[in-house]
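Numbered according to numbering that gives the first Met the number 0, the sequence shown spans residues 0 to 90. Virtual Cβ for every residue (Gly too), placed ideally from N, Cα, C. Note that the coordinates shown come from a computational prediction; the quantities given were computed from them, not determined experimentally. Right, one structure below, let's go through it.
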Amino acid sequence: MDQEKENEDHLEYLGKPISDINSLRKILSEEELIIINKYGAWMEALAEHKIKPKTAEQKRFVEVSIGFAEPQSEYEKIWMKISQARNDSPY
Numbered sequence: 000m001d002q003e004k005e006n007e008d009h010l011e012y013l014g015k016p017i018s019d020i021n022s023l024r025k026i027l028s029e030e031e032l033i034i035i036n037k038y039g040a041w042m043e044a045l046a047e048h049k050i051k052p053k054t055a056e057q058k059r060f061v062e063v064s065i066g067f068a069e070p071q072s073e074y075e076k077i078w079m080k081i082s083q084a085r086n087d088s089p090y
């Protein structure tokens with residue numbers, strides 16, 4: 000896959016919230032909601048391997064999302080909070 004195509008793939012998800020944002024509002028702060036509204040679909044695409052990580056930070060995010068590393072960055076912590084909430088959901 001060439002660089003331009005990878006960039007297009009990433010751009011497809013940027014600026015979009017995740018589909019279940021409404022069910023997560025009660026567990027996320029206002030600051031976290033701002034981040035998820037802007038980067039949520041992109042974070043989800045990385046975590047679900049729909050797009051390839053391009054930077055060391057993105058690679059680490061993927062490692063955190065699959066449990067190979069502990070969350071450290073704000074984005075990693077928010078994603079793990081979402082992941083935990085989804086796992087705890089009775090739906």
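Query: Backbone secondary structure at glutamate 30 - three-state DSSP; Result: helix
Query: C-beta contact flag for isoleucine 81 and isoleucine 34 at 8 angstroms; Result: no
Query: Distance CB(glycine 39)-CB(lysine 4) smaller than 8 angstroms; Result: no
Query: Residues near lysine 58 by beta carbon distance below 6 angstroms, same chain, minus five either side; Result: Pro52
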